[in-house]
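Just so you know, we're using my numbering here: the sequence shown kicks off at 46 and counts up by one.
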Amino acid sequence: MILRGILMAAATLAAGAAFAQNGGSAAAAGQAQAQQQQTPPAPLTAADKPNLSYAIGYQIGSDFVERKMDIDLNQVIRAIQDGYAKRTPSVSEDKMHDLLARMQYQMYTKAKGEFDKLASENKAKSEKFLAENKTKTGIHVLPSGVQYRVIEDGNGSQHPTLNSEVTVHYRGSLMNGLEFDSSFARGEPVHFKVGDVIKGWQDVLPLMRVGDHWQIFVPPA
């Protein structure tokens with residue numbers, strides 16, 4: 046989805062959902078309460094110092110590998126020791142700032158190039174998928190490009206608006222079938238304001254009624 050893949054969601058408006066125009070967020074309140082009830086971690090002690098120090102160093106080293114940074118590890122260790130001991134650096138601060146800025150720009154341009162390439166490829170795949178999908182039986186296409194299929198009709202009569210709050214059960218997946226989120230897996234539906242979710246859902250949810258079960262295909266943004 047981040048890389049412009051099609052978001053597919055099977056959404057069901059839960060029975061008994063209230064299409065309220067006003068009201069606080071029950072989900073937000075529940076999350077705040079859950080955070081308050083979490084047990085805080087045990088405080089660090091002197092006995093933790095060796096393992097904590099190793100953990101910090103390991104995290105730094107792993108980050109170098111993850112970012113594919115070509116560095117002189119001995120110089121890194123020396124610089125850490127100099128900085129920790131508050132010794133005068135062997136490289137001027139202006140030079141360090143210049144080198145770090147150039148490195149960050151180089152890493153940014155490389156990452157952006159890789160992202161743009163992958164995004165372009167996924168966009169082409171998404172367009173091909175949607176073009177083929179809209180010809181299938183039972184597929185409806187909205188002006189925004191969002192597609193949906195009615196799996197089961199509900200017995201409700203009301204349609205929500207963008208200001209309504211709805212309760213929805215959903216299962217989200219990419220066009221390759223990879224499931225990335227599911228209210229079913231969590232064992233409870235979600236409650237939200239229609240106008241606060243992604244544009245594709247804003248286009249579809251006002252068309253649904255309580256009990257409706259649809260498969261929704263959301264194009265890349």
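Even glycine gets a Cβ: it sits at the ideal position worked out from N, Cα and C.
Alpha carbon of V263 to alpha carbon of Q192, nearest angstrom
7 Å
Cα separation between M141 and Q104?
Going by the C-alpha atoms only, they are around 22 Å apart.
Residue burial classification, D257 (beta-carbon count within 10 angstroms, cutoff 16)
buried
From what residue to what residue does the alpha helix (DSSP H) around D139 run?
138-178
Could you please give the first and the last residue of the uninterrupted alpha helix (DSSP H) stretch that includes D257?
Careful: D257 lies outside any alpha helix (DSSP H) and carries neither H nor E.
Using alpha carbons as the reference points, say which of H236, F237, M220, H214 lies closest to S227.
H214
I184 in three-state terms, based on DSSP
strand
Can you say whether L144 is buried or exposed, counting buried as having 16 or more other CB atoms within 10 angstroms of its CB?
With fewer than 16 other Cβ atoms within 10 Å, it is exposed.
Does the Cβ of G245 have 16 or more other Cβ atoms within 10 Å, making it buried, or fewer, making it exposed?
buried
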